[in-house]
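Residue numbers (my numbering): 783 to 1792. Please read the structure below before turning to the comments.
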Amino acid sequence: MRETIKNFRLAKVNVLIATAVIEEGLDIPQCDLVIRFNKPNNFSSYMQSKGRARAKQNASYILFMDASNIDAYNRDQIEYQNYEEIEKMIQHGFSLDEYDDDSNIDLSEIPPYCPSNGLIIDATRAAQLIMEYCVLLGNGQIFPPRFLFHGHTNPYTCILSMPANCPVRDDIQCTSKRKKLAKYKCCLEMVKKLHEQGEFNEHCLPNRNLTLLKIDIKIENQIFQLVDELFEKKSENSFETFSKQITKFPLKTNQLSTNWHLYQINNELGFVVPYELMKLPRFNLYEHDKITIIEVLYLKSINYEQYQNQLKDFCQYLFEYVFDDMNINKILKFDIENSTFKLLPCLLTKTGDIDCNRMKIICNRKNKIIQNNSELNDTELYYPSHLPDKRLYMHISDKSLLKQASAPWDQKILSENIKTYADYFEYKVPNVHIRRDINLVTMRGVKKTRINYLKETFINIDKEITDSESQPVYYPIEFLCYAPLNKVDLEIIYKLPSILVRISQLYRIERLRKLFADNIKYYSLLDSDQMPTVTFNDCLRTNTNPSLLPLIPLIYDNLSLNLSKLQPSPDILFQAITRRSTDEKTDMENLEILGDCFLKLTVSMALYHRHPLASAGALTVEKAKQISNENLYRIAVQKQLKCYLNVMKINFRGKDANWLPPGYIINEIEQMKNNYEFNIKRYNNQYVKRKAFADMIEAFIGAFLISTNYIITIEFMKWLGLDVIPLNDNNNIMEIPSILCPCNKNNEINQIVEKFYIEQEFFDIENVIKYKFNNKAYLIAAFTHPSSFTNRLTNCYERLEFLGDAVLDFLVTRHIFANNTNITPGRVTDIRQDLSNNGRLAYILVKYRLHTKILHNSPDLFGKISLYAGDDELFPKDSLIDNQLSKDIDQWADSTAPKALADVFEALVGAIFLDSGKCLQTVWNVIEPLLQNYIDRSITDPNLNPVRTFFEQGGKVILESTKTDTDKDIIISICIIETVNGCQFEGCGANKKMAKADACRNAIKSMMQK
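Structure (structure tokens):
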């Protein structure tokens, strides 16, 4: 290799192909052309490889780019444009603005920075590193450093100031005989400080992992991730099969004894189980025209062997003969000893004993035929034995409707031999003789009995009675059998499957209630008798609590061990575990939304406290990890909560039946025969995406939020393992970090802050928002852009924006639920996006002229704000503020608004939150008037997500492409879409996503105008 390099230097070899090693460590002067095939990893790599093209005339540097992925291609092109801008700034900042003959200065006389690992950073490299670091601070934008000079003659003093979001806020001062030397000395000194503070990595390059906080991950969490990904990478969309806990009742595994326990469902119906159950709450069953409250009461223990045969016979009679379409014998078989649903139903006497006599009478009805007409009565039910299904009929004793078997056949002619009713029935069932001298039985059909009483059903009375049920029908006595149940027993027994489902569900809920109470220890578990009747309805819609989610201070000092009576009810926990796919009257989605926004708020608060020096980017990354579906899924597994998720709709009968009756198991022999015909797993298992378990965790948080208080909810989240309470090593609550820069904590800082506040006329902001800051530093920080040099007192707004975003989202979501009980989850999401939309917040900030108070040093930002604020269509000069805020709300979500404007609004929210002692009421009192002109309009008529709305209406994308704006020398993404009726709309934006949103917005706006 050395020989090759030597020959290349001597021009004996004209083409050199090398790896990235040539970027550093090998000096190759006078290259005419450098072609780079792979993408530079960073600005340093870009400059080092470009620096090889050092021939004095016409040297060229060519970068190959992959155009197969248009998004990656556009991102790379923007990144390279930034690199070129940095390069120009370096040239301008360090060569072109000197007034003395600095071009001949030898920078080698400045001692290099030599870290302990052997690296050597000279003055030129230090300047490059500072510029590259500033790009990193700007997250793709360029926030250049500032250089100021003192003195017009030798010696010169240079002062280097970094952007406001740089952790090194002390100015660097260096003196030298030449300006250029002073500048480069400042750069070297700043590199040294940044390296020592961890902003540069071990290679003395800007640390691109600054967004990763150094947090120790628990060993059990690491093991979980390793095991979870042992065979394949999982995602939130990965499907999982898990057990249906409804089929496991009671949850005991020890050896069965002969001592079983008798429970009462109502005065006539009961059940026995091998173990005594925890007390269950009362619950509703929904009949056609009434609600029945079921209360399960413990009666006594019994000797199971004494009643074993009667109980088994009765159970099998019910689920194999009464409910004759539950796939018994096809898939299921009775085996109480091996069944996971160890419960046997029974009838009760008035004294609370098992009514074996009545159970025997019912079982003896099986295939019992009617001997003569004298047995018929109006309280019984019958079925014709010749029909394939047990179609039930009741006897009509109206003598005017009587017909003899010899009566002429007056229905559809099936054969010329059919002359009488007797002929017809003998034709239908050969080898049966019908007596012609007696009357046929006059009957009326009974509507198929409802089996599902889990929720209310609304019946169209006009269609409830069909012709076959209203018109009398006639059968010979020889064809009739007693129905499996008479009218009275049928009304009792047919509710049994629904009752057993609810009992097994509430049994799980009570175990869940106990699990939470035992671990949180902030409330004592109330007995189920003290809990309201479980309705299985949406608790948010039925909530009448006026103090729902009170606007009080969210302070950790309130954390104490004073026991409370507030706790989640069985109803709300049932809602929290229930997916929409179950077809219940309730589901977890609204609770999930509430839990999601409170999770974001509490995690944001804790991170803000715990990491006072971390950047907003680092906090955002860590928050994303904690609130991620991946982390919430891990919590569900480690806290053994997965099994509580309720996913599948219950089907009691038919080909889609998936409910396992008590005492039954899967018939393994039939399973092997019919595995391809039937989905056997549906009886014991559920199938769902992983994300559903994360949703359940958020729904639990939402359930605690509306049924307890903020403190108990935070303690519940702490038990889950979420970092929501910032405790130090001594287990004490950490103090809120100072908003002041670390270098500004002298005794006179308050007077300096007050003076700066007055000089910048920030009292104008307080007058607009009608709130006086106790600590003016919060207000100053909220309006300090990261590029600012003016404010050297406080941090910039980024950390406040991080916190304010979560506060605003929670307050908006709370307002929606507190004022709209019947709102749907999709509507909530749309309104949340609408009320906290960046375009909306930017619009309000400009409308109140608060954008003029932003402290920044970015010409680019100045241009964008000026262009946006100067739009006469958005902000007419002669229009009153109230009139402007009442305009078409679609304009408020203008995507052209500079993001910095919305960032400042959210930072202002965060500043008020901290300044007021984290008082939600104070924050809401300030921001509601700013938002009030469109809060109600957004709730009644939200500016719905244009992309989702467009595609839900059948629209499609026709073309996505890019073009170059020659005036601005930038690449613009173009998206063309088409509606169902063929109308096309075009949108543009900085990337494909924004272009699609712009096109959809144009389409929806056009459709609304029509």
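Backbone N, C-alpha and C define an ideal beta-carbon position, used for all residues, glycine too. Owing to the predicted nature of the structure, the values given are computational and were not obtained by experimental measurement.
Return the CA-CA distance between D1249 and Y1256, expressed in angstroms with no decimal places.
-> Reliability fails at D1249, whose pLDDT of 49 lies under 50, so the model's placement of it is uncertain and no value is given.
Pairwise C-alpha distance: V1506 and Q1098 | 53 Å
May I have the straight-line CA-CA distance separating E1273 from G1052, to the nearest angstrom?
-> 15 Å
So what's D1107 in DSSP terms, helix, strand or just coil?
-> coil
Would you tell me roughly how many angstroms separate the C-alpha atoms of N1773 and P1314, rounded to the nearest one?
-> 53 Å
Cα-Cα separation, R1232 to R1435 = 11 Å
Boundaries (first-last residue) of the beta strand (DSSP E) holding S1025 = 1021–1025
For V1316, which residues of its own chain have a beta-carbon under 6 Å away from its beta-carbon, when the five flanking residues on both sides are left out?
-> P1063, F1065, P1352, D1353
Residue of T939, F982, D952 minimising C-alpha distance to K965 = T939
L1538 versus Y862 - alpha carbon distance | Correcting the residue identity first, residue 1538 is Phe in this sequence and not Leu. Taking the straight line joining both Cα atoms gives about 39 Å.
Burial state of R1214, where buried means 16 or more other Cβ atoms lie within 10 Å | Sequence inspection shows Val at residue 1214; the Arg mentioned does not correspond to that position. V1214 is exposed by the Cβ-count criterion.
Contact belief for V1708 with I1694 at Cβ below 8 Å, rounded distance in angstroms = 5 Å
Cβ shell of Q859 (< 8 Å), same chain only, five flanking positions each side left out | M847, I1753
Pull up the DSSP beta-bridge partners for V950, would you.
-> Per DSSP, none; premise fails for V950.
Work out the CA separation of I1758 and K1745 for me, nearest whole Å.
-> 13 Å
Output the distance between the C-alpha atoms of N1556 and L1383, rounded to the nearest integer angstrom.
-> 23 Å
Taking L1381 and I1409 to be in contact with their CB atoms under 8 Å, please state how far apart those CB atoms are, rounded to whole angstroms.
-> 5 Å
Name the two residues that bound the continuous beta strand (DSSP E) containing T1744.
-> 1738–1747
Any idea if P1641 is buried or exposed, counting beta-carbon neighbours within 10 angstroms, 16 or more meaning buried?
-> exposed
Spatial neighbours of W1501 in its chain, beta-carbon cut-off 6 Å, leaving aside the 5 residues before and after = N1301, I1302
Going by the CB atoms, is the gap between I1493 and L1330 shorter than 8 Å?
-> no
Between which two residues does the beta strand (DSSP E) containing T939 stretch?
-> 938–943
Per-residue DSSP class, three states only, for V1078 | coil
Is it true that the CB of L1267 sits closer than 8 Å to the CB of I1144?
-> yes
Sub-8 Å separation of I1496 and A1418 beta-carbons = no
If you run the structure through DSSP and keep just helix, strand and coil, what is K1775?
-> helix
Pair every Cβ in the region 1578–1587 with every Cβ in the region 1643–1655, then say whether three or more of these pairs are closer than 8 Å.
-> no
Verify the CB distance criterion: does F1380 have a CB-CB separation below 8 Å to chain D?
-> The structure shown has no chain D; it contains just one protein chain.
Three-way DSSP call (helix, strand, coil) for R1416 in this model = helix
Mapping DSSP to helix, strand and coil, what is Q1542?
-> coil
Strand pairing of M1225, partner residues [DSSP] = H1177, V1255
How is the alpha helix (DSSP H) around V1691 delimited, first residue to last?
-> 1681–1697
Which whole runs of the alpha helix (DSSP H) in the region 1599–1626 are 4 residues long or more, in chain order?
-> 1607–1617
Mind checking R1147: buried by the 16 CB within 10 Å criterion, or exposed?
-> buried
Give me the Cα-Cα distance between C1770 and E1517, rounded to the nearest whole angstrom.
-> 47 Å
Beta-carbon proximity check, W1706 vs L1585, cutoff 8 Å | no
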